[in-house]
Structure formats: structure tokens, C-alpha cells
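Chemist: Numbering (my numbering), first residue to last: 2 to 571. Encoded as C-alpha cells, here's the structure I'll be asking about.
This is the structure in C-alpha cells:
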């Protein structure tokens, strides 16, 4: 109130009585000084907090901080390596592992609202019906339609990523973009979300790697105790190809040692340097593409048209659920943008890497989905962490074909190498998000320390590796994938919002790439991402909200007090 009266008095002194001012301006000056000496109202605690949580970082300052010698990353990547990083992440995690869960779903014995997709509950309420089903429905052969839907969403979202990455070539990806557009609190939420997203996607891929490693041992005729080759928690149990139960559903004494070891070994590779990691990844991506093409061309000769009927056994609910479960693998182009700080020419190369990744991966995904659902019944791949190679094994046992026997080996090797490259890229992206948040003082400073020799965020890489490796030994692929999916879609929505916001705030800033269609494409990206999120189970939403609430507690009691925007006047 004092401040308002003060401003009003000064305004009256300056604006009122224009003709009389010259006669009494000494008195006016004296009164003005007296008014200004009055105590002014201080901002309240809530006002200070509001200023901080909506504070955005200057893009120029972000770039300057990234070039500081003590936290600068080595710039060695070009467009080919970036595209290979993206393809390495996208083709591997989903095409060899989660595609089985997307096709077959997660069947349950009883109808349960917590395991039902959100969209089924909404439609049920609108039609005054029960609105929930037994488990999460699979797409069946209609996964090809799911892939087309996902490709459309990824096209819109990938273009948004490309524009922001060409403007803000900094490690951290969606986290950095939101810090520059939507404010500190939203940036913290997306950073916290990315930690969940990267971690659970890599846990899922690690479990898939272990399943393929077991298949390779089986092909070589080397029997090992399944106790140390399968997760400790198996919601659908474990069966052999004949359907005989090895473990009942639930927990059992054991640990997935291959999943644990592969994460630890790749953590060592990442600590040694990005150039060495990129070269290794390029070779692995080439081998993986050969394996996928071999599966597609050989599988064409063994298709059973009857397996395509019914084409969409669970209708559009299954199509949406299938797209939702497979969507997290497309975080590969997010991994391209997390590595933009290590590019030689990020404004040009990052958009090329993102768009090329989307084109290559979409074509291959649709091809594998069509072939896999044509060589085995779609129900047989539900809950299978190695659906492609196990599908080839079933077909080999039915036909006795030597061609299929050797194709299975090629696909096995390609899948194993492919998932290694996927884990490599996801671990790289996760460590860079932690690195960027630490550099902004939202996480402890130790996460932004770089190795004096290799110039990589060594501590962040090791912590990320350990936190992924242990759960990968305990849980199954389906449980881990669903949590990663909702985090990925949420990140994509915030990045899409950032494009029109940044165009409004900084229309003059140079953009190496611009999303066509004005605000239309970002709006469509948001709409389709929300649609896919509606295809995820209610329990996944609840777990996601719990994770975000935990993040808000960490931000309020720790991170905001370390932020550069914290004034301490509360």
C-alpha cells in the first residue's frame, strides 16, 4: 500500500499542474525526495518464489557457460555420427525387445482399472460402461498402423527438436530448451522426467539384451542356470517354447547378470570418451542394419496370411496402446540433441541427424512389424523380451529350414550388437542431462566435473550406470518400458510448446532450421503425444505423478536454493 501511494504521489507531482510547475518546482523537488525516502513495500515470499520458478536462462549465457574450459566438452561429432547415434538408440531397444509387448500386450487374468489404458476408462465413462479391460491390449498385426501413427507424431516432434537444437546447441536437450523458454521450474520437471525416461528405457533394453544373450547360448548349445539369466521379478512367469513353466509369476531368487554386466562395461567405454564411443557405435549400427534387412527379406518367404486375421484384434485401443508402448524407443532423436554440444557444426548437423534418424527408423520398424506378425501368431510374442529371434526359432522348429537356422544367428548377433549400441546412446544421453543440470547448480557440482584426461562427465556417467545396472537385474522388460514411455511423451510435449514460445520471445535470433507451418506442427505434436499418453495404463500415470511429486520436493528443499536465480530473501 505504501509503495502504491508513493508511486501515485510521484506521478501527480510529475504530471499534474503543468502550468504551475515553474513557480514551485523547488518545493516539488523537496516533496519528491521526502516521498522517495518513505519505506517501500518488499516483495512477499511468494513473489520471490514466483520470480524464480518462471525465470528463464539467456541463450547466449547458456552457450558461454558451455564453452568454459573447466566444463567444456570435446567437439568431435559430424552428421553421420549423429545419425548413427540416433539410429543406434531407436533401432535396437524397440525393434528387438519391446515390439513383442506392443504386439501382444500385457494380458491379465482379471479386469482391473489400474492396468487399463486411460482412454478406455474415458470412453467407458462417456458410454456409461465399465471402461476397463483385463490387462493392456496388444496391437496385434495392426502394429504397422501404430508405427505409422508414431511416425507422424515423431515427424512433428522431431521438427520441433531440430529447430530448438539448431538455436541452442547445448548438452541437456529438452531440459536446456525448457530452461531457455518456459522457466526454471518447468526445466527442473523435464530434467527430472528425463532422468526417469533414460534410466527406465535403458533398464528395459538391458533386459532385452540379456534375453538375446540367453538365446545365443541356446543356439550354441551352452546350457546355463536360468536363475542367473532372468530378472528376479517376472509378472507373467517364465516358460520355455513348449509352454512349460520354469518360474511362476512374481518374484523368484535370481538376478539378471548379463543385463547388469553390459551396463557396467558400456559405462567404462563412455567414460573414456565420446569419439571412441561414436566410432564403436557406427560399427554396431551397420551390423544391426544388416541383421534387420536379413530378417525382413528371409521372412518374406515364410509369411502366413492367416496370421493377419483379425488385423486389429483389440481395435483402436490396441493400436494406441501398441504405439504408446513402442514410442519410447524414438527418444533416439532426443539423444542426438543431447550430444549437440559435442558437434563440430551443431546448427547444421543436429537437424540432419534428427530427420535422417526418423526416416530410416520408421521404414525399418514397419518392415519388422509386418514380417514378425506374418510368421508367428501375434499372441505368442506377449511378454517375450526377444520376440524376433524366438519367432525365428519357432518357425525353424516347424519347418526344419537351415536358412532360418542361420538367419536366426545373424539376427541374434545383430540384435545383441544393436542393443549394445542402444544402451550406449541412452547412457550417454542420461549422463549429459545430469551434467547440464549440475552445471546450472540444480544438482550437486560433482555431476558437472569432467575427467581431466578424457573430457567426459565421468562421475555422472558412473552414477547413471550403477543406477541402471542394478534394477536391470531385478525387473522385466514390460514393467520398465511403460514408465519410460510416459516420460518420453511428456518431454516431447514440453519441447513442442517451447518452439512457439521461443519464436515469440526471440523472433530475431538466427535459426539453422525452422519448423514449417507456423504453430500448426507444434500444436499437432502436442495433440498426438497426448493421444498416445492416453493409451498407457492408469498405474503408469500414477507412478509418473509420484515421481514428479518427489522431484518437486527435491527442487523446493534443495535445487532452488542452489540456483543462480535464488535471492535468499525469503
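Think of the CB as a built atom: it goes at the ideal place given N, C-alpha and C, for glycine as much as any other residue.
(1) With a threshold of 16 other CB atoms inside 10 Å of the CB of residue 551, please say whether the residue is buried or exposed.
(2) So what does residue 517 bridge to, in DSSP terms?
(3) Taking the alpha-carbon positions, what's the residue 391 to residue 150 distance?
(4) Classify residue 112 as helix, strand or coil using the three-state DSSP reduction.
(5) Please identify the residue among 45, 146, 187, 427 whose C-alpha is closest to the C-alpha of residue 54.
(6) Consult DSSP for residue 23 and reduce its assignment to one of helix, strand or coil.
(7) Quick one: give me the first and last residue of the alpha helix (DSSP H) that residue 1 is part of.
(8) Measuring CB to CB, does residue 443 end up less than 8 Å from residue 192?
(9) Measuring alpha carbon to alpha carbon, tell me which of 375, 147, 432 ends up nearest residue 270.
(10) Tell me the start and end of each unbroken beta strand (DSSP E) in the stretch 364 to 444 that is at least 3 residues and wholly inside, in chain order.
(11) Given a threshold of 16 other Cβ atoms within 10 Å of its Cβ, counted over all protein chains shown, does residue 194 qualify as buried or as exposed?
(12) Could you tell me the distance, in whole angstroms, from the CA atom of residue 486 to the CA atom of residue 545?
(13) Could you tell me whether the stretch 407 to 422 touches the stretch 203 to 210, where touching means 3 or more Cβ pairs closer than 8 Å?
(14) Quick one: what does DSSP say residue 509 is sitting in, helix, strand or coil?
(15) Near residue 154, which residues of its chain fall below 7 Å by C-beta distance, leaving aside the five closest residues on each side in sequence?
(16) For residue 567, name the three-state secondary structure that DSSP assigns.
(17) Check whether the stretch 448 to 461 touches the stretch 310 to 325, counting contact only when three or more Cβ pairs, one atom from each stretch, lie closer than 8 Å.
(18) Who are the near neighbours of residue 296 in its chain, counting only those whose CB is closer than 6 Å to its CB and skipping five residues on each side?
(19) Helix, strand or coil for residue 315 per DSSP?
(20) Leaving out the 5 sequence neighbours to the left and right, which residues in its chain are closer than 7 Å to residue 404 when beta-carbon positions are compared?
(21) In the structure shown, what three-state DSSP assignment does residue 493 receive?
(22) Can you find the residues in the same chain that come closer than 8 Å, C-beta to C-beta, to residue 176, ignoring five residues on each side of it along the sequence?
(23) Rounding to the nearest angstrom, what Cα-Cα distance links residue 82 and residue 354 in this structure?
(24) Drop a sphere of 10 angstroms on the beta-carbon of residue 216, count the other beta-carbons inside from all chains shown, and report buried for 16 or more, exposed for fewer.
(25) Would you please state the rounded distance, in angstroms, between the beta carbons of residue 415 and residue 293? I believe it to be under 8 Å.
(26) Measuring only the C-alpha atoms, how far is residue 400 from residue 212?
(27) State the DSSP-derived secondary structure class of residue 255, mapped to helix, strand or coil.
(28) Taking residue 104 as part of the alpha helix (DSSP H), name the residues at either end of that continuous run.
(29) Which residues in the same chain as residue 51 place their Cβ atom closer than 8 Å to its Cβ, once the five residues preceding and following it in sequence are excluded?
(30) Grab me the residues of residue 185's own chain with a C-beta within less than 7 Å of its C-beta, minus the 5 sequence neighbours each way, in chain order.
(31) Tell me where the alpha helix (DSSP H) around residue 147 begins and ends.
(32) Can you list, in chain order, the residues of its chain with a C-beta nearer than 7 Å to that of residue 446? Leave out the 5 residues immediately preceding and following it.
(33) Tell me whether residue 305 sits in a helix, a strand or coil according to DSSP, three-state version.
(34) Quick one: what does DSSP say residue 472 is sitting in, helix, strand or coil?
(35) Is the Cβ-Cβ distance between residue 164 and residue 515 less than 8 Å?
(36) What residue from 489, 524, 518, 547 has the CA that sits closest to residue 499's CA?
Modeler: According to the data block:
(1) Residue 551 should be labelled exposed.
(2) In the DSSP output, where bridge partners are listed per residue, residue 517 has none listed.
(3) Roughly 27 Å between the two C-alpha positions.
(4) Note that residue 112 has pLDDT 48, beneath the 50 cutoff, so the model's placement of it is unreliable and the number below is only indicative. It is coil, neither helix nor strand.
(5) Among 45, 146, 187, 427, the Cα nearest to that of residue 54 belongs to 187.
(6) Interpretation of residue 23 is limited by its pLDDT of 45, a score under 50 that renders its predicted location unreliable; the figure taken from the coordinates is listed afterwards. It is helical.
(7) No answer is possible for residue 1: the residues shown for the chain start at 2 and end at 571.
(8) Yes, they are a contact pair.
(9) That would be 432, whose Cα lies nearest to the Cα of residue 270.
(10) Taken in chain order, the complete beta strand (DSSP E) segments of 3 or more residues contained in the stretch 364 to 444 number zero; there are none.
(11) Per the 10 Å Cβ criterion, buried.
(12) Roughly 10 Å between the two C-alpha positions.
(13) They touch, by the three-pair rule.
(14) Under the three-state reduction of DSSP output, residue 509 falls in the coil class, being neither helix nor strand.
(15) The residues are 526, 529, 530, 533.
(16) Coil at residue 567, not helix or strand.
(17) Contact check between the stretch 448 to 461 and the stretch 310 to 325: fewer than three CB pairs, one atom from each, fall below 8 Å, which does not count as touching.
(18) Exclusion of the five residues before and after residue 296 leaves 412 as the residues of its chain whose Cβ lies within less than 6 Å of its Cβ.
(19) Residue 315 falls in the coil class under three-state DSSP.
(20) Apart from sequence neighbours up to five positions away, the residues of its chain that approach residue 404 with a beta-carbon distance below 7 Å are 299, ordered along the chain.
(21) Three-state result, residue 493: helix.
(22) These residues qualify, in order along the chain: 188, 191, 192, 195, 434, 437, 438.
(23) Per the coordinates, the alpha-carbon of residue 82 lies some 8 Å from the alpha-carbon of residue 354.
(24) It counts as buried.
(25) Contact between residue 415 and residue 293 holds, since their C-beta atoms are separated by about 7 Å, short of 8 Å.
(26) Their Cα atoms are separated by approximately 24 Å.
(27) Three-state result, residue 255: coil.
(28) Residue 104: member of the alpha helix (DSSP H) spanning 100 to 105, first to last residue.
(29) Counting only Cβ-Cβ distances below 8 Å, and skipping sequence neighbours, we find nothing.
(30) Within the same chain, residue 185 has close Cβ partners 53, 54, 56, 564, 566.
(31) From DSSP, the alpha helix (DSSP H) with residue 147 extends over 144 to 168.
(32) The beta carbon of residue 446 is closer than 7 Å to those of 439 in its chain, skipping five residues each way along the sequence.
(33) Note: residue 305 maps to coil in three-state DSSP.
(34) The three-state reading of DSSP puts residue 472 in helix, counting H, G and I together.
(35) Taking 8 Å as the Cβ cut-off, residue 164 and residue 515 qualify as a contacting pair.
(36) Here the closest residue by C-alpha is 524.
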